[in-house]
Amino acid sequence: MLYIPGTYVEGQIVELKFTTFHSYRWTEIAIAFG
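Those letters in the sequence shown? Residues 6 to 39, per my numbering, in order.
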């Protein structure tokens, strides 16, 4: 596997954003269904 500088960190940031968004959506769904 080739390591390209910045790729790993950028991947972590994207993953963090996705996880945060996913958690937010699930919270919204949980509230909606009470």
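For glycine and all other residues, C-beta sits at the position ideal for the given N, C-alpha and C.
Inter-residue spacing [alpha-carbon to alpha-carbon] between residue i and residue j
i          : j          : result
residue 13 : residue 34 : 31 Å
residue 26 : residue 36 : 15 Å
residue 29 : residue 20 : 14 Å
residue 32 : residue 38 : 10 Å
residue 4  : residue 11 : Residue 4 cannot be examined here, being either before or after the span of the chain that is shown, 6 to 39.
8 Å Cβ cutoff, residue i in contact with chain D
i          : result
residue 26 : You won't find chain D in this structure, because it holds only one protein chain.
Span of the alpha helix (DSSP H) around residue i
i          : result
residue 26 : 12-37
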